[in-house]
Each structure stands twice: as structure tokens, then as C-alpha cells.
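S.K.: Protein chains in written order, with this note's numbering: chain A, 1 to 408; chain B, 1 to 408.
We treat Cβ as the ideally placed atom computed from N, Cα and C, and that holds for glycine.
Since the model is a prediction, treat every value here as computed from it, not as a measurement.
Protein chains: 2
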Amino acid sequence: MKSPLNNLYAAQTREMKHSFVRLILKLTKGVEGMISFAGGMPSPDTFPREIIAGLFQEVILKEGHDVLQYGSSEGDPVCKQVIKSYEEVPDWPDEKIMITVGSTNGIYFYTRTFIDPGDVIISESPTFPGSLVAFEACGAEVVGVPMDSGGIDPDRLVETIGTLRKEGKRIKFIYLIPEFQNPSGITTSRQRREAVIAIASEHAIPILEDSPYRELRYTGERIMSMWEIARTQFDDPALVTIAKSFSKILGPGLRLGFIAGREDIIIPMVKWAEKVTVSPDCTTQRVVARFIEKEHLNAHIRFICDYYRPKLEAMLSALEAHMPDSVTWTRPEGGMFVWVDLPESLDAEALFETARKKGVAFIPGNNFFPKNTYRKNAFRLNFSYPSVEDIHTGIERLGSIVKTFAGR
Amino acid sequence: MKSPLNNLYAAQTREMKHSFVRLILKLTKGVEGMISFAGGMPSPDTFPREIIAGLFQEVILKEGHDVLQYGSSEGDPVCKQVIKSYEEVPDWPDEKIMITVGSTNGIYFYTRTFIDPGDVIISESPTFPGSLVAFEACGAEVVGVPMDSGGIDPDRLVETIGTLRKEGKRIKFIYLIPEFQNPSGITTSRQRREAVIAIASEHAIPILEDSPYRELRYTGERIMSMWEIARTQFDDPALVTIAKSFSKILGPGLRLGFIAGREDIIIPMVKWAEKVTVSPDCTTQRVVARFIEKEHLNAHIRFICDYYRPKLEAMLSALEAHMPDSVTWTRPEGGMFVWVDLPESLDAEALFETARKKGVAFIPGNNFFPKNTYRKNAFRLNFSYPSVEDIHTGIERLGSIVKTFAGR
């Protein structure tokens with residue numbers, strides 16, 4: 001038993017990837033003078049500490065007998081009811097919603113419910129690497145479909161479904177982040193949402209809508225979620241399951257999210273939760289319920305949006321001021337990320353190495369692509385964490401490095 | 001898409017069992033006049049509400065920037081250091097310990113790290129059904145080895161290992177609950193612990209020591225954990241990984257536990273956590289760290305033990321007073337459960353049906369056995385949740401039902 005144990009590992013443990021994104025964050029964290037656009041963290045200035053602190057005290061003193069005890073694997077009924085009301089489905093049966101340890105946890109249970117090794121998940125390309133590694137850990141093959149400024153390309157989606165089915169692949173679900181996508185910042189248009197739902201419905205493939213940034217809209221008009229559209233506009237009321245999170249609103253340290261969809265998806269997910277977590281933190285669930293009940297949520301979301309809007313504006317105007325003409329970028333209406341496209345000859349990883357030495361960091365684009373659609377000449381910038389001043393300084397710094405690389 | 005989705009389920013989702021224990025708890029909860037010994041819950045009177053409430057407020061106000069933010073998947077370094085000191089391994093590297101969403105979560109990640117479908121886990125028989133269903137959900141075959149009053153039978157363990165290996169089975173680990181076992185209440189003796197470690201070491205099979213009740217000792221002498229014995233007495237310092245929990249000390253609603261062992265087990269477990277939970281609740285982790293740091297833990301454990309001791313005594317004396325001679329039971333020195341053996345002709349499930357109608361509940365023994373060692377004539381009693389008065393009344397009620405069944 002002094003020998004390594006890896007000969008006893010499960011196949012999926014042996015194959016499990018090291019997260020390059022985590023390595024980058026480690027490399028760039030706490031480095032003197034470093035301005036980092038690499039992370040994906042909300043600003044701690046947005047955490048409603050005073051209210052939350054008071055609610056924790058109140059909930060534990062008044063309801064401690066209940067909330068310190070074991071709770072339901074499907075989530076605290078009080079928290080579920082409050083969330084259903086907030087999401088405007090107050091009469092939904094409890095079986096259609098589940099509280100999770102952050103939305104990552106909901107995505108994991110959804111994936112476990114459907115995926116046998118070799119099954120296929122279709123995603124936008126680029127997409128969120130946290131989900132990519134979770135999908136792969138469950139043995140899924142992730143096939144990416146390119147996006148344009150309106151979201152995932154419906155023609156390419158149809159084409160991909162056709163090709164995969166011809167190959168005999170079992171497509172289990174389509175994974176989408178329609179709002180202020182991570183990493184691209186792109187919001188899928190209403191028309192495109194409807195087109196994708198129609199395609200999914202026709203091919204009988206469920207959709208997992210990952211929507212952690214939905215409340216973080218700084219400009220433009222709110223668009224109905226795919227979950228709402230499927231429910232209200234389609235004769236296919238539960239094709240879409242939505243995963244949401246309180247991480248970007250109240251604080252990711254609370255590890256609280258929820259997932260809502262049809263019973264025959266939620267019930268097996270709850271069975272997985274019984275084995276994996278038993279339940280999310282019951283105290284935290286009740287605190288979040290009281291936070292919403294006491295009507296703090298909408299005001300707090302307005303505060304966050306007002307706080308992030310100038311950061312996004314600063315980043316877009318700094319890019320305008322400092323990037324060469326050969327570089328383009330997305331103009332998100334919310335969320336936390338801007339996506340930058342470089343001329344095809346440039347390699348964002350090489351750029352990263354130089355940038356890091358010069359005190360500015362980002363995540364090279366290749367980390368965001370499913371295997372079939374790898375691209376080197378792009379990167380992701382985060383604007384929620386750095387200060388407005390650091391955004392100006394950091395983008396100026398980055399612009400001059402890009403100019404050197406681009407040869408002008 | 002209006003058709004059921006179960007044709008899209010993963011194989012393990014399709015096979016996932018309904019928990020009979022949960023059904024029993026549902027059937028017996030909130031029933032007028034019911035005295036239930038069925039649950040496995042700590043008494044809410046043991047939750048240190050005032051201290052915890054104050055600490056939540058203090059931690060969020062003072063450290064909210066940190067604890068409301070994303071935290072490490074391996075756990076809060078502050079909490080880890082405090083736990084290491086408490087467990088008397090202050091100099092252990094951080095890579096050898098991981099904080100989990102309750103100990104169930106640690107057991108799940110340990111299982112995921114090792115189990116491919118068809119692999120074998122050896123357990124005590126009877127054992128904890130929550131772990132049985134988690135093992136089976138990962139595709140493991142669980143093979144039980146009978147216990148006597150000293151714990152798992154070493155000769156039968158050797159025999160079982162031999163038989164399984166002859167059959168070409170891959171044994172991945174041995175799962176044990178050496179302290180106040182759930183459901184039997186049995187504590188594995190020191191000598192037996194050493195014998196089992198020697199066997200496991202000889203056959204190169206790691207041990208998972210599940211120890212959620214370790215601090216709940218009401219009488220008798222503390223025995224070194226298998227984790228401590230393997231570290232200090234054997235030339236095989238990290239054969240044993242221990243999973244512990246704050247559920248029975250501070251409250252299960254907080255969902256906090258930890259697991260400690262060698263790096264080549266903990267590191268892949270952390271990789272699983274990145275995909276499944278990201279991390280446990282960071283606020284709760286820091287609160288537990290401050291609770292221990294401020295030296296509340298030992299006094300609180302003494303309080304809990306003083307609170308539960310009379311309940312255990314009440315149950316043992318009530319059994320003595322009301323059960324017929326043909327019935328035997330364990331005499332635990334701690335924990336939350338007593339195990340009752342009925343004459344062979346009696347079926348605890350039939351008994352349960354009658355008892356339920358007469359206002360007393362327990363869990364029939366068959367729920368606790370791996371497939372190979374199924375037994376009908378036993379049941380589990382919980383004494384932590386009911387009051388001393390209800391214990392007397394309930395056991396009297398149960399005794400008269402058993403007497404009717406046993407024909408005297």
C-alpha cells in the first residue's frame with residue numbers, strides 16, 4: 001500500500017483533466033502589479049454583507065431547530081416557494097424545481113441523469129470550460145456548434161444533429177448559455193431562441209439552459225429565457241430545463257443555485273443528490289428565501305447592475321482606444337465577460353506568456369472550445385472583478401502587446 | 001418531447017433505487033401519536049444555535065469579502081488548519097485533507113475516485129444504507145462481511161477477499177464504520193481494528209473509515225481511530241482514509257464534513273469536487289473554523305454526550321423491561337442507534353406494519369444488508385431524536401407487539 005494507488009482508480013478518474021484555467025488563475029493571482037482579466041469572479045463590493053449577516057443571525061435564532069436539521073434533497077420547501085414566486089411560476093408543483101449547491105451542481109446532476117460514457121452533448125462553441133470538464137468527467141463527448149453575434153448558428157446545429165445521428169451517436173442534450181454567454185458575452189436573440197427550441201423539439205433533444213448571469217443586464221431589453229419561451233410560446237412546455245445561480249447576485253461562497261424543468265428530469269436528479277450531497281446548506285437556503293421575501297433582491301440587482309455598468313463601459317472604450325484595427329471584440333449587454341478576436345496569425349497562448357510577464361492576464365481562447373472546434377486566435381476578458389482604473393491601465397498595456405504581436 | 005424522457009436516462013439513473021428508508025420516514029413523520037425510532041436525526045436541542053448565530057454574523061461582517069467569494073474545491077484553508085490541529089495532525093500538508101458537503105459527499109467522491117461499474121466494495125453487514133445506495137449508484141457491487149460484538153469478522157473478511165479474487169473481481173476498498181456503527185451500534189475493538197488493518201495492508205486494499213459518530217461516546221474508553229492506528233502503529237501510514245462530519249455535533253443542515261488520507265486519494269477527489277459542487281459553503285466553513293478556534297467544540301461535545309447518555313440508558317432499560325427473552329439487542333457505548341435481533345421466525349417488515357398502526361416505528365433490518373447477506377429478523381432503533389419519556393412509552397408499546405408476534 002505504499003505504492004501509488006492510481007492503478008485502482010476508476011477509468012474516468014484516470015482520464016480526468018487538469019484544469020488549465022485554474023493553473024492560469026494560480027499563476028496570475030497575488031502577483032505584484034498584475035492586472036488580471038483572467039478570473040470569473042464577481043466583485044466582493046457587490047456582496048450584500050450587512051443584510052445577509054443579519055438574516056443569518058435571525059434565521060438561526062428563530063428557525064435553528066429546523067434549518068440546522070437535515071433537509072430535503074430537493075431543497076428547502078420555503079426557499080422553493082419563494083423562488084417559484086420570484087420566477088413567476090408560483091403554482092408550479094414542487095417536483096419541478098430543485099435547489100442545488102450552486103448551478104454547477106445542478107448541471108452535474110442533470111448530466112449524471114442522462115450521460116453514459118460515449119453519449120453526446122451539443123454546446124455552443126466557445127462555451128464555459130467548467131461545464132466542459134464536468135461533461136467530460138461523466139464520459140460525454142462534447143460537440144461544439146459555432147456562434148455568431150446572434151448566438152448559436154441554427155443551420156449548423158441542424159447539420160450537426162444530422163451528422164451525429166448518421167454516425168449512430170446518442171445525443172442526450174443541448175447545453176446553452178443564452179444570456180451574456182461565458183466566454184463570448186453574446187446574448188442569443190429572441191428569434192434565435194425560438195429557432196433553436198423548434199429544432200430541439202423536432203429532434204426530441206432536451207435543452208439545458210445555463211443562466212447564471214441573467215439578472216446582470218446593464219443595457220438593452222430583457223429577452224424571455226428559453227425556459228419561458230418553451231413554456232409559453234411552444235406546445236412543448238418542458239423541453240427546456242433552466243439552471244440559475246445566486247453566485248453572481250449574493251455571493252458564490254454561499255453555493256446556492258436552482259434548476260427548474262419537467263418532473264421526469266428533476267426527480268432522478270434529486271435521487272442523485274441524495275447520494276452526493278444529501279442537500280444544499282439548509283441555513284443558507286432559508287437565508288436566501290428570507291432575503292427574497294423581504295424584497296431585497298430587486299433593489300440589490302439594480303445596485304449590482306449600476307456597479308458593473310461603468311466597468312463594462314470602461315472596458316469597451318479602452319479596447320476602442322488601445323486595440324489595433326485588426327482586432328475585434330463583442331459588445332455584451334451584461335454579464336462579466338468580453339471576447340476578443342485576434343487576426344488569424346496570432347496565438348493567444350503566446351500572447352498570454354508575454355502579457356503575463358508585462359503584468360496583465362486573460363484566458364486564452366483555446367480553453368473554451370470543445371475538441372472539434374479548437375481556435376487559437378481569441379481570448380476572454382473579465383470586467384467584473386478589476387477596478388475601472390485597472391481596466392483602463394490593463395487594456396492599454398494589453399493593447400500595446402497585441403500591437404507588437406500584430407506587427408504595427 | 002411530450003413523451004417520457006426515461007429512454008434518454010443513463011444506465012445508472014435507470015437502475016437507481018428508491019430509498020425504502022426515506023419512504024418509511026415519510027410514512028411515519030408527523031403522524032398523530034406516533035413515536036418514531038425510525039429516523040437518524042440528531043436532536044435539535046443539541047444545536048448550538050446562539051453561538052452559531054453570532055459567529056455567522058461576525059464572520060460575514062468581518063470576513064464577508066473573502067467567505068462570500070468563490071473558495072477552493074479542497075476546502076477553506078483556515079478551516080482545514082483548524083481541523084488539522086483539532087485532529088492532532090497540525091503539520092499535515094493541506095493536500096491530505098479535504099472539506100466536503102457533509103461526510104456523504106466525501107464518501108461519494110472517494111467512491112467516484114475508485115469505482116468502475118462492476119468493481120467490489122467490501123462492507124460490514126449490516127451497514128449504513130445511505131452509503132449502500134451511493135456505492136450502487138456508482139455501479140459498485142457491495143459484498144457484506146458479518147459482524148460480531150467486536151466488529152467485522154476478520155476470518156470471514158480474509159475468506160471473502162480470497163473468494164472475490166478467485167472470481168476475478170476487482171476489490172477497490174473496504175468500507176467500515178468502527179465507532180457506534182449505524183445501524184448496529186457496535187464499536188470495533190482495538191484488537192479487531194489492528195487485525196483488519198493488517199489484512200487490508202497484506203492484500204493492498206485501502207480502507208474508508210466512516211466516522212460520523214466518533215465524538216458521541218457516552219460510556220467506556222475512547223479507542224484510537226483506524227486512521228490513527230494505521231498512521232502510528234503500522235508501517236503503512238496512509239492505508240486508511242477517514243470521513244468525519246459536523247452533522248451530529250453542530251447540525252446536519254450545515255452540510256459540513258471532511259475527509260483525510262493520502263494525497264493520491266484526496267487530489268483526485270478534489271478534481272471530482274471541482275465538477276460537482278465547486279466547494280462546500282464557504283461561510284459555513286469559516287464559521288465552523290471560528291467555532292473550533294474559540295474552543296467551543298470540546299465543551300459542546302461534552303454537553304451533547306450528557307444530553308444523549310440518559311436517552312441511551314432509557315432505551316436499554318426499557319428494552320430490558322419490555323422485550324421477551326427471545327429478543328436480544330446491542331449495548332452501544334455511544335452514537336445514535338441500538339440494533340435488535342428477533343427470533344429467526346419473525347419478520348421485521350411484518351412487525352413494522354403492525355407497529356406503525358399502533359403508533360411506533362423503526363427501520364426493518366433488511367434495509368441495512370448488502371445483497372449477499374440479507375436478513376429479515378432484526379431492526380434498528382434510534383434514541384437520539386425521541387424524548388426519554390417517548391422512549392419508555394414507545395419501547396413498551398413495541399415490546400407488547402413483539403411479544404404478540406413471538407407468541408408469548
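Spatial neighbours of A:Glu215 within its chain, please: CB distance less than 7 Å, with the 5 preceding and 5 following residues excluded, ordered by chain position.
M.R.: Working through the first sequence from its first residue, we reach residue 215 of chain A at position 215. So the qualifying residues of the chain are Ile249 and Ile301.
S.K.: Tell me whether the beta-carbon of B:Gln57 lies closer than 9 Å to the beta-carbon of A:Ala289.
M.R.: Numbered from 1 along the second sequence, position 57 holds the residue referred to as residue 57 of chain B. Numbered from 1 along the first sequence, position 289 holds the residue referred to as residue 289 of chain A. It is not a contact, given that the beta carbons lie outside the stated cut-off.
S.K.: Tell me, please, whether the CB atom of B:Gln57 is closer than 9 Å to any CB atom in chain A?
M.R.: The residue labelled residue 57 of chain B in the question sits at position 57 within the second sequence. B:Gln57 counts as touching chain A.
S.K.: Compute the minimum distance between the beta carbon of B:Ser123 and the heavy atoms of the ligand FMN, and state whether it is under 8 Å.
M.R.: Annotation note on the ligand FMN: not contained in the displayed structure, which lists no ligands.
S.K.: Once the 5 residues before and after B:Met147 are set aside, which same chain residues still bring their CB inside 8 Å of it?
M.R.: Numbered from its first residue, the second sequence carries residue 147 of chain B at position 147. The answer, listed in chain order, is Glu124, Ser125, Pro126, Asp153, Gln181, Ser184 and Ile186.
S.K.: How big is the Cα-Cα spacing for B:Glu252 and B:Gly334?
M.R.: Your numbering for residue 252 of chain B matches position 252 in the second sequence. Your numbering for residue 334 of chain B matches position 334 in the second sequence. In the sequence under discussion, the amino acid at residue 252 of chain B is Pro, which differs from the Glu named in the question. As the crow flies, the alpha-carbon of B:Pro252 is around 18 Å from that of B:Gly334.
S.K.: Just the Cα atoms here: how many angstroms apart are B:Val338 and B:Lys80?
M.R.: As a position in the second sequence, residue 338 of chain B is number 338, starting the count at 1. As a position in the second sequence, residue 80 of chain B is number 80, starting the count at 1. B:Lys80 has its alpha-carbon roughly 33 Å from the corresponding atom of B:Val338.
S.K.: So with Cβ pairs under 9 Å, would you call A:Val78 a contact of chain B?
M.R.: Residue 78 of chain A sits at position 78 when you count from the first residue of the first sequence. Not one chain B Cβ lies under 9 Å of A:Val78.
S.K.: Report the rounded CA-to-CA distance for A:Arg286 versus B:Gln12, giving the unit in angstroms.
M.R.: The residue given as residue 286 of chain A occupies position 286 in the first sequence. The residue given as residue 12 of chain B occupies position 12 in the second sequence. One C-alpha to the other measures close to 32 Å.
S.K.: Chain A beta carbons: is any one of them nearer than 9 Å to that of B:Pro386?
M.R.: As a working mapping, residue 386 of chain B is identified with position 386 in the second sequence. Not one beta carbon of chain A lies nearer than 9 Å to the beta carbon of B:Pro386.
S.K.: Counting only beta-carbon separations shorter than 9 Å, does A:Ala289 have a partner in chain B?
M.R.: Here residue 289 of chain A refers to the residue found at position 289 when the first sequence is read from its first residue. So, not an interface residue.
S.K.: Where does B:Lys166 sit, in a helix, a strand or coil, going by DSSP?
M.R.: Here residue 166 of chain B corresponds to residue number 166 of the second sequence, with the count starting at 1. In the structure shown, B:Lys166 sits in a helix (DSSP, three-state: H, G or I).
S.K.: Quick one: what's A:Tyr308 bridged to in DSSP?
M.R.: If you number the first sequence from 1, residue 308 of chain A lands on position 308. In DSSP, A:Tyr308 forms no bridge with anything.
S.K.: Put A:Trp92 into one of helix, strand or coil per three-state DSSP.
M.R.: The residue labelled residue 92 of chain A in the question sits at position 92 within the first sequence. Of the three classes helix, strand and coil, the one that applies to A:Trp92 here is coil, per DSSP.
S.K.: So the alpha helix (DSSP H) A:Ile52 belongs to, where does it begin and stop?
M.R.: Sequence index remark: in the first sequence, residue 52 of chain A carries index 52 (1-based). Element bounds for A:Ile52: Arg49 to Val67.
S.K.: Are there 16 or more other CB atoms within 10 angstroms of the CB of B:Gly257, so buried, or fewer, so exposed?
M.R.: The residue labelled residue 257 of chain B in the question sits at position 257 within the second sequence. Counting Cβ neighbours within 10 Å, B:Gly257 comes out buried, since at least 16 surround it.
S.K.: Can you list, in chain order, the residues of its chain whose CB lies under 8 Å from that of B:Ile60, leaving out five sequence neighbours each side?
M.R.: Counted from its first residue, the second sequence places residue 60 of chain B at position 60. Answer for B:Ile60: Val67, Leu68 and Thr283, listed in chain order.
S.K.: Please report the straight-line C-alpha distance between A:Thr277 and B:His392, rounded to a whole angstrom.
M.R.: One-based indexing of the first sequence puts residue 277 of chain A at position 277. One-based indexing of the second sequence puts residue 392 of chain B at position 392. Straight-line Cα distance between these residues: approximately 35 Å.
S.K.: Name the chain A residues that come within less than 7 Å of B:Val67, Cβ to Cβ?
M.R.: Position 67 of the second sequence, counting from 1, holds the residue named residue 67 of chain B. The contacting residues are Gly253.
S.K.: Nearest by alpha-carbon distance to B:Gly102: which of A:Trp92, A:Phe135, A:Ala273 and A:Met224 is it?
M.R.: Looking up residue 102 of chain B in the second sequence gives position 102. It is A:Ala273.
S.K.: With C-beta atoms as the reference, is B:Gly359 less than 9 Å away from B:Arg380?
M.R.: Counting from one through the second sequence, the residue named residue 359 of chain B turns up at place 359. Counting from one through the second sequence, the residue named residue 380 of chain B turns up at place 380. Not a contact, by the Cβ cut-off of 9 Å.
S.K.: Please report how far the alpha carbon of B:Tyr86 lies from the alpha carbon of B:Tyr218, in whole angstroms.
M.R.: Numbered from its first residue, the second sequence carries residue 86 of chain B at position 86. Numbered from its first residue, the second sequence carries residue 218 of chain B at position 218. Looking at the backbone, the Cα of B:Tyr86 and that of B:Tyr218 are separated by about 20 Å.
S.K.: Considering just the uninterrupted stretch of the alpha helix (DSSP H) at A:Arg114, what are its terminal residues?
M.R.: The residue you call residue 114 of chain A lines up with position 114 of the first sequence. According to the sequence provided, residue 114 of chain A is Phe. The question's Arg does not apply to it. Per DSSP, A:Phe114 belongs to the alpha helix (DSSP H) from Gly102 to Phe114.
S.K.: Tell me whether B:Tyr374 is buried or exposed, calling it buried when 16 or more other Cβ atoms sit within 10 Å of its Cβ.
M.R.: For this step, residue 374 of chain B is matched to residue 374 along the second sequence. Label assigned to B:Tyr374: exposed.
S.K.: Does the count of Cβ pairs from the stretch 86-99 of chain A and the stretch 259-270 of chain A closer than 8 Å reach three?
M.R.: yes
S.K.: So which residues of chain A does B:Val101 contact, with C-beta pairs closer than 7 Å?
M.R.: Locating residue 101 of chain B in the second sequence gives position 101, where the first residue counts as 1. By Cβ distance, chain A contributes Val101 and Thr277.
S.K.: Going along the chain, which residues of its own chain have a beta-carbon closer than 7 Å to the beta-carbon of A:Val270, five neighbours each way excluded?
M.R.: The count along the first sequence starts at 1 and reaches residue 270 of chain A at position 270. So the qualifying residues of the chain are Ser73, Glu74 and Met98.
S.K.: Using C-beta distances below 7 Å, list every residue in its chain close to B:Arg14, excluding the 5 sequence neighbours before and after it, in chain order.
M.R.: Stepping through the second sequence from its first residue, residue 14 of chain B is reached at position 14. Same-chain partners within the cutoff: Asn6.
S.K.: Is the Cβ of B:Ile265 closer than 9 Å to any Cβ of chain A?
M.R.: Translated into the one-based positions of the second sequence, residue 265 of chain B becomes position 265. Yes, its Cβ sits closer than 9 Å to a Cβ of chain A.
S.K.: Since B:Gly139 and B:Ile115 should fall inside the 8 Å C-beta cutoff, what is the C-beta to C-beta distance between them, to a whole number of angstroms?
M.R.: To locate residue 139 of chain B, count along the second sequence from 1; it is residue 139. To locate residue 115 of chain B, count along the second sequence from 1; it is residue 115. The C-beta distance from B:Gly139 to B:Ile115 rounds to 6 Å, short enough to fall under 8 Å.
S.K.: Can you have a look at A:Ala318 and say buried or exposed, based on whether 16 or more other CB atoms are within 10 angstroms of its CB?
M.R.: For this step, residue 318 of chain A is matched to residue 318 along the first sequence. A:Ala318 comes out buried.
S.K.: Assign A:Pro90 to one of two classes, buried (16 or more other C-beta atoms within 10 Å of its C-beta) or exposed (fewer than that).
M.R.: Within the first sequence, numbered from 1, the residue matching residue 90 of chain A stands at position 90. A:Pro90 sits exposed, since fewer than 16 C-beta atoms from the chains shown fall within 10 Å of its C-beta.
S.K.: Please tell me whether B:Glu136 and B:Val120 are closer than 9 Å, where the distance is taken between their beta carbons.
M.R.: Here residue 136 of chain B corresponds to residue number 136 of the second sequence, with the count starting at 1. Here residue 120 of chain B corresponds to residue number 120 of the second sequence, with the count starting at 1. Cβ atoms of B:Glu136 and B:Val120: not closer than 9 Å.
S.K.: Could you tell me if B:Asn382 is buried or exposed, where buried requires 16 or more neighbouring beta carbons within 10 angstroms of its beta carbon?
M.R.: Taking the first residue of the second sequence as position 1, residue 382 of chain B is located at position 382. So B:Asn382 ends up on the buried side.
S.K.: Give me the chain A residues within the contact set of B:Thr13, using Cβ-Cβ distance strictly less than 8 Å, ordered along the chain.
M.R.: The sequence position of residue 13 of chain B within the second sequence is 13, counting from 1. Going along chain A in sequence order, the residues near B:Thr13 (Cβ under 8 Å) are Arg112, Thr113, Phe114, Pro268, Lys271 and Trp272.
S.K.: Once you ignore the five residues that flank B:Val196 on each side, which residues in its own chain have a CB closer than 8 Å to its CB?
M.R.: Numbered from 1 along the second sequence, position 196 holds the residue referred to as residue 196 of chain B. Contacts found: Gly151, Ile152, Pro154, Leu157, Ile174, Leu176, Thr188, Ile207 and Met226.
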